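Scroll down for the structure; my scribbles are underneath it.
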Amino acid sequence: MTNIIAVVNQKGGVGKTTTTLNLATALSAIGKKNLIIDFDPQGNATTGLGIIEKKTIVGSYEVLVGKINPESAIQKTPIPHLYLMPASLHLSGAEVELVAMPSRERRLLETLEKLTSCFDYIFIDCPPSLGLLTLNALVAANKVLVPLQCEFYALEGLSQLLYTIAQVRKNFNPHLDLQGIVLTMFDNRSSLSTQVAHDVRHHLKEKVYKTQIPRNVRVAEAPSFGKPAVVYDLKCQGSQAYIQLAKEILSQEGELAA
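Position in the sequence shown (first residue = 1) + 1 = my numbering.
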């Protein structure tokens, strides 16, 4: 069964795209065939895999509105076993167009039904909002991965997101499950980071991954070179943390001994 994972947080700058790229790359390195769907109009996952010119590409927008079939929008990346459905500039207008479409919240689900036999993991890199694009991702996914920055308002935003997930499960997708929360931008020198991590683990217990992603300059640099951090600098602390996170997820899925 294909794992379809929506990487979601309504706040921007928490590490959604960084987590998507590096986790998918780490899983690809062990032979898993993975697809990243760039579902964010900013197109950072597309840029992060080295595609700079977005004017002429077709991708998730064209698939979503039915202009092309999904296979035509998927590109190989330089990373073995990793594929990308990029975001074009047109995706920024998709929210408005979707309003008038039939079954508007199921457009992505209908698309992915044609692809599930082709990939082990499909990661949907969602925009920093809880609008129609994110709703489509949650309806299409079977799991939600939440990158959570270790900052003051983290728990407040998380409560809203968990409520949204529960509502989507109730009304649209009974198979949707919270796969886990990954703490990002963790600074072990900061008492705030430590306190936030403690509070999140206290409230959500086993739903929070043991692996914490540290603040790391090399991880921050990697997108400017069009590479995931685990390709740009495998040995840096951030890359090693994402590799450990991949191991945790495989262990969670029963594919790797804990």
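Just so it is clear, CB atoms sit at the ideal spot from N, CA and C, and this is done for glycine as well.
Bear in mind that the values here come from a model prediction, so they are computed numbers and not experimental data.
Runs of the alpha helix (DSSP H) lying entirely within the stretch 37-100 and spanning at least 4 residues, in chain order: 45-49, 61-65, 71-74, 95-100. For a cut-off of 8 Å, the C-beta gap from Pro-224 to Gly-16 is around 12 Å, too long to register as a contact. Rounded to whole angstroms, the Cβ separation of Asn-10 and Leu-116 is 24 Å, and the two are not in contact under 8 Å. The criterion of a C-beta distance shorter than 9 Å is satisfied by Val-145 and Val-8. When DSSP assignments are scanned along the stretch 122-161, the uninterrupted stretches of beta strand (DSSP E) that are 3 or more residues long and fall wholly within it turn out to be 122-126, 144-150.
For the stretch 155-210, the full-length alpha helix (DSSP H) segments reaching 4 residues or more read 155-172, 192-205 along the chain. Non-local beta-carbon contacts of Phe-226 in its own chain, meaning distances under 7 Å to residues more than five positions away in sequence, involve Tyr-233 in chain order. Using a C-beta cut-off of 8 Å, the stretch 173-188 makes contact with the stretch 199-218, since at least three inter-stretch Cβ pairs fall below that distance. With respect to Ile-123, Leu-36 sits close: the two C-beta atoms are nearer than 9 Å. Under the DSSP definition of a beta bridge, Val-220 lacks any partner.
Excluding five sequence positions before and after Asn-23, the CB atoms of its chain that fall closer than 6 Å to its own CB belong to Pro-229, Ala-230, Val-231, Tyr-243, given in chain order. Thr-19 carries a helical assignment under DSSP once its states are collapsed to helix, strand and coil.
Membership of Ile-5 in the beta strand (DSSP E) is indicated by the continuous run 4-8. Rounded to the nearest whole angstrom, the C-alpha separation of Asn-189 and Thr-195 is 7 Å. In the structure shown, Gln-11 adopts coil according to DSSP, grouped into three states.
Between Ala-46 and Asp-121 the beta-carbon gap is near 18 Å, outside 8 Å, which marks them as no contact.
The shortest CA-to-CA distance from Pro-71 to any of Pro-81, Ala-88, Ser-192, Leu-139 is the one to Ala-88. For Gly-239, the enclosing alpha helix (DSSP H) has its first and last residue at 238-253. Sequence-distant partners of Gly-51 (beyond 5 residues in either direction) whose C-beta falls short of 6 Å from its own C-beta, in its chain, are Gly-227. For Pro-42, the CB contacts under 7 Å within the same chain, skipping 5 residues up- and downstream, are Ala-88, Leu-92, Ser-93, Pro-128 in chain order.
Here His-203 is exposed: its Cβ has fewer than 16 other Cβ atoms, across all protein chains shown, within 10 Å.
With respect to the 9 Å criterion, Val-100 and Leu-133 are classified as neighbours on the basis of their beta carbons.
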